[in-house]
Structure formats: structure tokens, C-alpha cells
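In this text, residue positions in the sequence shown follow my numbering: the first is 70, and each later residue adds one.
From the three backbone atoms N, C-alpha and C, an ideal C-beta is built for every residue, glycine too.
If you're wondering where the values come from, they're calculated on a predicted model, not measured in any experiment.
Okay, structure first, notes after.
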Amino acid sequence: MTNTTQTPTLFLDFDGTASSRDAVDLILEKFADERWLAVEEEWRAGRIGSRECLARQMALVRAAPRALDALLAAIELDAGLGALLEACARLDVPVAVVSDGFDYCIRRVLAGACDPRVKKLLRGARVCSSHLSYSGASRWHAEFPYFGETCAHGCATCKPAVMELLNARGAATVFVGDGLSDAYAAREADFVFAKNGLARICRAGGIWHTTFESLSEVAARLEDVVAELSCLTYDAGAGARA
Ligand SMILES: [Mg+2]
Ligand SMILES: [Zn+2]
Numbered sequence: 070m071t072n073t074t075q076t077p078t079l080f081l082d083f084d085g086t087a088s089s090r091d092a093v094d095l096i097l098e099k100f101a102d103e104r105w106l107a108v109e110e111e112w113r114a115g116r117i118g119s120r121e122c123l124a125r126q127m128a129l130v131r132a133a134p135r136a137l138d139a140l141l142a143a144i145e146l147d148a149g150l151g152a153l154l155e156a157c158a159r160l161d162v163p164v165a166v167v168s169d170g171f172d173y174c175i176r177r178v179l180a181g182a183c184d185p186r187v188k189k190l191l192r193g194a195r196v197c198s199s200h201l202s203y204s205g206a207s208r209w210h211a212e213f214p215y216f217g218e219t220c221a222h223g224c225a226t227c228k229p230a231v232m233e234l235l236n237a238r239g240a241a242t243v244f245v246g247d248g249l250s251d252a253y254a255a256r257e258a259d260f261v262f263a264k265n266g267l268a269r270i271c272r273a274g275g276i277w278h279t280t281f282e283s284l285s286e287v288a289a290r291l292e293d294v295v296a297e298l299s300c301l302t303y304d305a306g307a308g309a310r311a
């Protein structure tokens, strides 16, 4: 099946990629019992998946909604997010946000975005993330709608599975991310933009990637990437790839 006329789909991590700071890390640092650090260690060492990690960590948080909201309101979006969304719109590249983080936090951070252009462009983007709800008495509860069954990696939100689900048209995929929870997605994507922890993982694991600091750099490269990937899908259609 050829996809020569299809533009790729762009999958964007949220915390630390679309946003400047990781909301979950900030919440844990400020509001969780310090046992969250031992859970984090287990995850970083690969002994538990991010789903178990987040469920256990969020159970250690005690915060009134107003305190949590004030923390989230201080998180800024990457200064290049608007430019990236505009480039995607111009090149007809669909955008989806895929996040281990929480819908509650993403909504709050986006609501705080002062740039109306960003808000408008984001309206068309699908957001697939974990779900956070307030259970009263300063307690919070994490749930994981993507997907009901825990995947083999133990992901909070299984990014490769979301990519497959949202990319039913079989187009090439571009992934943009910054951390450990992006590693499985980076292995599956056709083109990877990576920074910080994800760039280190890609280097160590031999995953081909381009590094970036701001999303404006991703925006500036996107047209070339789209052109490159349309050659790739053409070759696949011609039988160059099984
Ligand atoms: Mg991230
Ligand atoms: Zn997974």
C-alpha cells in the first residue's frame, strides 16, 4: 500500500516537551510524601512500568485543588509551540498529544497559555493521556484510559499503541519528546526529535534521532522532514521495505 500522497502524523509528548516543566514532577516535589522518590527509582531502574509508578506516586499526594491549580498555572508552554502548530497546519500534518501525564494538568496548563493563536491551533489536536480526578480530602486518583489492559511495557499511556490507533491511515510518524516515557514511542516512530533524557536514551540505544532544544527548531525542520518521509513511504510502496 503506498502512502505517497499522505503527510505524516506528528505525535507530541506534553510534559517537558510542549510544556517547559513536567507537571507531575512538580506536583510530586511539592505535595507528595517523600516515599515517591523510592517509587521513581524503581521505575528508572526498569523494575516497574510507568503505570504502576504513577498510580503509587499519586496516591502519596496530598493537595487541595486550589494549591494544585496554582502550581499548574505557573507552568509555561514551550515558546516554539505556536510556530510548530502553525507549521503543522500549513503542511497539513495532523497533531496528537500523547502523554503519560494527566488530562487535568494538561487542561490547566493549556488554559494558562496566553497566546490565543496557540489555543486556537490546539483545538484540532487529539490529546491522549492519563486521567486524574480529585477524590476529596486532598487526595487524588490516577486512571489510565489508554488502555484498559496494561501493555507489555507497563506504560501509563502506551504511546506506541496510541500512535497505531490514531494512525489508521498508515502514514509515516514523527515523534517529539524529552524523557524516559517516550522511549517506546521513539523506537516505533519513523522520525524522532529528542531532547534531554530521550536524546540520551536514543544515543545509548542506537535510535536514529535529531536533537532539539525548542519546538521552534522542530517547526523549522518540519517541511524537510515531511519531504523526506514521503520518499520513505514511496519506497515502501515500491517494495523497498517489507
Ligand atoms: Mg515529557
Ligand atoms: Zn506500552
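Neighbour-count burial assignment, residue i, 16 or more Cβ in a 10 Å radius
i	result
D169	buried
S250	buried
G246	buried
G149	buried
V294	buried
D184	exposed
G151	buried
A230	buried
L291	buried
D102	exposed
G248	buried
A211	buried
Closest by C-alpha distance to residue i, when choosing among the options
i	options	result
Y215	G246, A221 and K228	K228
S173	G223, L146 and L141	One detail in the question is off: residue 173 reads as Tyr in this sequence, not Ser. Closest option to Y173, Cα to Cα, is L141.
L129	R195, R208 and C300	R208
F244	V162, S119, V108 and A158	V162
R176	A158, E110, L201 and A258	L201
L234	H222, R195, R131 and S204	R195
E274	T86, Y253 and W105	At residue 274 the sequence reads Gly, which differs from the Glu that was named. Comparing Cα positions, the closest option is Y253.
R125	A139, G115 and A107	A107
S199	D259, G248, G193 and E121	E121
V287	A156, S204, A165 and H210	A156
F80	S285, E297, A258 and E212	A258
R104	R131, Y203 and S283	R131
F100	E297, S285 and M127	M127
V164	G205, T78, R192 and E109	T78
C197	G266, D82 and T76	D82
C224	I96, R113, L97 and A158	R113
A139	G181, S285 and G115	G181
S285	T86, E98 and L123	T86
L191	A158, G217, L95 and T242	A158
Q75	T242, A289 and G266	T242
A296	S204, G217 and L160	L160
M232	A206, K189, V166 and L123	V166
Cβ-based neighbour list, residue i, same chain, cut-off 7 Å, excluding 5 preceding and 5 following
i	result
D84	D91, A92, V93, S168 and G170
R256	I276
C220	C227 and A230
V187	L146, L150, G151 and L154
H222	G118 and Y253
Sequence-distant residues of the same chain with beta carbon closer than 6 Å to residue i, five excluded per side
i	result
H278	V261, A263 and C271
S88	I144, L146 and V178
I117	E111
F213	R120, S199 and A225
G266	G248 and L249
L123	A211 and A225
Own chain residues within Cβ distance below 8 Å of residue i, not counting five before or after
i	result
T280	F262, A263, K264 and A268
S283	D147, A148 and G149
Mind listing, in chain order, the continuous beta strand (DSSP E) runs of no fewer than 3 residues lying wholly within the stretch 147 to 199? 164 to 171
Contact between the stretch 120 to 138 and the stretch 231 to 246: three or more CB pairs below 8 Å? no
Entirely enclosed beta strand (DSSP E) segments - the stretch 72 to 113, minimum 3 residues: The stretch 72 to 113 contains these whole beta strand (DSSP E) runs: 78 to 81.
Alpha helix (DSSP H) runs wholly inside the stretch 227 to 271, at least 4 long, in chain order: The qualifying runs are 228 to 235 and 252 to 257.
Going residue by residue through the stretch 277 to 303, where are the continuous beta strand (DSSP E) segments of at least 3 residues, counting only ones entirely within it? none
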